[in-house]
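Engineer:
In the numbering used here, the protein residues as written are 16 to 465.
Structure, rendered in structure tokens:
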């Protein structure tokens, strides 16, 4: 019988650990490299460069650090540029041993765990994708900030008893903005305001005029004017970010120069809300070489968010199980005593996973196989679990066409329902056979014709 070693093998002998902070960083190298193997560095850029030089002096080639707020970003970028292998680890996974907690002990604990190969680094896409991700996250932040001013404009309108939101679907659309700008400019005649409506608005001019008959108080008009100004400022900044995003997308090496394939599926004639002014779909197709929008529920904005978070290299995720596990969409497996205690998904903060969930929710009224799948699960499990399960299915489809550079073809809602009925019938036959029974289909009686 082979004897098992009782000691751990040192996997990374040239490893260092860094405990990050807002004002100082503590670095630990192996004890055989220096008399004082722990050293403190400041947070300024010259201090970080000195830290990198000190690590090079002691022949360090791999570094582990905890993900602490945003303080890790400059350290990570400088060390990576110097040629170090940097592992960014989840602080929850490297809790120190019980006892006294200090920065010195933390960096020593990280160095020890990393030496024995007990740390796994967090996923981080290639640097060019990180640049795109920064722009897209800033765009999302601006959109959320702009939405707060939309709510305040609606509040000011309601305080004047102007129920514009009840007669048009979007107060920030063409008609809504024309009316709000006219009100801010001093127009208070309901008939004049109602005449600004677009011909495609379903509400009648009389209904819109009735909704705009209210109490135009000075203080509420002042608030409306300020919120409108702030909303327009954010729209200008979003336009500026879109220009940077377009430049960044154009800088990627194209995987194909072909146009995106046309599909028989009906495309939206009107762009979705917050859609950029350039052809985002074409940029994404050429950048990835795959048209992910063929999957029902995934539009160009959703695909842009997902790709900016997962990168362009599917080989970073060895299998589809690794991909869905990283997203936190696959069922959990908590087994103790041979019994499954919980299969609840892990609580993961992931923008790509949220994008898949939003795509799943958009399938509520979709007449597709995925839409039928979501509605069946929702009727049986409820909306939250159905959204997660459908997002998991979308993620698997996404990975499949990503890794194979293939296409997705929707089999249709009728095909899905037929396959589901065949599966139910097969299960019923198996149950009946186990009970010694036999299923006999009901024959429809023929009608007697006199």
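All residues carry an ideal CB built from backbone N, CA and C; glycine is no exception. These numbers were taken from a predicted model, which means no experiment stands behind them.
What residues in its chain sit with their C-beta under 7 Å from that of residue 35, if we drop five residues either side in the sequence?
Structural biologist: These residues qualify, in order along the chain: 80, 81, 83, 86, 87, 90.
Engineer: Alpha carbon to alpha carbon, how far is residue 117 from residue 127? Give it in angstroms, no decimals.
Structural biologist: Computed Cα separation, rounded: 15 Å.
Engineer: If you compare alpha carbons, which of 166, 32, 96, 102 is closest to residue 123?
Structural biologist: Looking at the Cα atoms, 32 is the closest of the given residues.
Engineer: Of the choices 95, 102, 389, 341, whose alpha-carbon is the least far from that of residue 142?
Structural biologist: Of the listed residues, the one whose Cα sits closest to residue 142 is 95.
Engineer: So within the segment 144-223, which uninterrupted alpha helix (DSSP H) runs reach at least 4 residues, ignoring any that extend past its ends?
Structural biologist: Runs of the alpha helix (DSSP H) inside the segment 144-223: 189-200, 205-209.
Engineer: To the nearest angstrom, report how far apart residue 384 and residue 199 are at their CA atoms.
Structural biologist: The alpha-carbon atoms of residue 384 and residue 199 are separated by roughly 48 Å.
Engineer: At a threshold of 7 Å, does residue 44 count as lining the ligand FAD (C-beta to nearest heavy atom)?
Structural biologist: As presented, the structure is devoid of all ligands, the ligand FAD included, so that no description of it is given.
Engineer: If we count the other Cβ atoms within 10 Å of its Cβ and call it buried at 16 or more, is residue 339 buried or exposed?
Structural biologist: Residue 339 is buried by the Cβ-count criterion.
Engineer: If you run the structure through DSSP and keep just helix, strand and coil, what is residue 10?
Structural biologist: With the chain covering 16 to 465 only, the question about residue 10 has no answer from this structure.
Engineer: Which one of 408, 97, 316 has the shortest CA to CA distance from residue 346?
Structural biologist: Minimum Cα distance to residue 346 is reached at 408.
Engineer: Across the segment 366-373 and the segment 394-410, are there enough close Cβ pairs to call them in contact, namely three or more that are closer than 8 Å?
Structural biologist: Taking 8 Å as the limit for Cβ pairs, the verdict is that the segment 394-410 does touch the segment 366-373.
Engineer: Going by the DSSP bridge assignment, what does residue 54 pair with across the sheet?
Structural biologist: Residue 54 is bridged to 42.
Engineer: Which whole-angstrom value is the C-beta distance of residue 331 and residue 99, which I expect to be below 8 Å?
Structural biologist: Not really, about 19 Å apart at Cβ, beyond 8 Å.
Engineer: Entirely within the segment 295-346 and at least 4 residues each: give me those alpha helix (DSSP H) ranges in chain order.
Structural biologist: The qualifying runs are 295-303, 315-325, 335-342.
Engineer: With DSSP collapsed to three states, give me the class of residue 32.
Structural biologist: Strand at residue 32.
Engineer: To which residues does DSSP link residue 77 through a beta bridge?
Structural biologist: Looking at the DSSP assignment, residue 77 forms a beta bridge with 30, 100.
Engineer: Once the 5 residues before and after residue 281 are set aside, which same chain residues still bring their CB inside 7 Å of it?
Structural biologist: With a pLDDT of 48 at residue 281, under the threshold of 50, the modelled position of that residue is not reliable, and no figure is offered here.
Engineer: Excluding the 5 residues preceding and the 5 following residue 134 in the sequence, name in chain order all residues of the same chain whose CB lies nearer than 7 Å to its CB.
Structural biologist: So the qualifying residues of the chain are 79, 102, 104, 109, 128.
Engineer: If you follow the beta strand (DSSP E) that residue 350 is part of, which residue opens it and which one closes it?
Structural biologist: Its beta strand (DSSP E) spans residues 349-351.
Engineer: On the three-pair Cβ rule with 8 Å, is the segment 218-237 touching the segment 253-261?
Structural biologist: No: fewer than three Cβ pairs fall under 8 Å.
Engineer: Within the same chain, show all residues whose beta-carbon is closer than 6 Å to that of residue 174, passing over the 5 residues directly before and after it, in chain order.
Structural biologist: Answer for residue 174: 235, listed in chain order.
Engineer: For residue 38 and residue 366, I'd like the C-alpha separation in whole angstroms.
Structural biologist: Spanning the two alpha carbons is a distance of roughly 29 Å.
Engineer: Alpha carbon to alpha carbon, what distance is there between residue 140 and residue 329?
Structural biologist: If you take the alpha carbons of residue 329 and residue 140, they lie about 11 Å apart.
Engineer: Expressed to the nearest angstrom, what Euclidean distance is found between the alpha-carbon atoms of residue 318 and residue 296?
Structural biologist: Near 9 Å, if we compare the C-alpha coordinates of residue 296 and residue 318.
Engineer: So the candidates are 300, 277, 323; which of them puts its Cα closest to the Cα of residue 260?
Structural biologist: For residue 260, the nearest C-alpha among the options comes from 323.
Engineer: Apply the 10 Å Cβ neighbour rule to residue 302 and answer buried if 16 or more other Cβ atoms are within range, or exposed otherwise.
Structural biologist: When all chains shown are included, residue 302 counts as buried.
Engineer: Can you tell me whether DSSP reads residue 450 as helix, strand or coil?
Structural biologist: Of the three classes helix, strand and coil, the one that applies to residue 450 here is coil, per DSSP.
Engineer: On the DSSP letters alone, give me the boundaries of the beta strand (DSSP E) that residue 394 sits inside.
Structural biologist: Segment 384-396 is the alpha helix (DSSP H) holding residue 394; no beta strand (DSSP E) there.
Engineer: Assign residue 276 to buried or exposed, taking buried as 16 or more other Cβ atoms, counted over all protein chains shown, within 10 Å of its Cβ.
Structural biologist: Exposed, because fewer than 16 other Cβ atoms sit within 10 Å of the Cβ of residue 276.
Engineer: Tell me residue 134's beta-bridge partners as DSSP assigns them.
Structural biologist: Paired residues: none, contrary to the question.
Engineer: Inspect the beta-carbon positions of residue 211 and residue 190 and report whether they are closer than 8 Å.
Structural biologist: Against a cut-off of 8 Å, the Cβ pair of residue 190 and residue 211 comes out as a contact.
Engineer: Helix, strand or coil: how does DSSP classify residue 354 here?
Structural biologist: Strand at residue 354.
Engineer: Taking 6 Å as the limit between beta carbons, can you name the residues of its chain near residue 386, skipping five residues before and five after?
Structural biologist: Closer than 6 Å at Cβ, skipping near neighbours: 378.
Engineer: Go ahead and label residue 380 buried or exposed: buried means 16 or more other beta carbons lie within 10 angstroms of its beta carbon, across all protein chains shown.
Structural biologist: Its Cβ having fewer than 16 others within 10 Å, residue 380 is exposed.
Engineer: My output table needs one value for residue 402: the three-state DSSP class, helix, strand or coil.
Structural biologist: Three-state DSSP puts residue 402 in a helix.
Engineer: Just verifying my parser: in three-state terms, what is the DSSP assignment at residue 411?
Structural biologist: The answer is helix: DSSP assigns residue 411 an H, G or I state.
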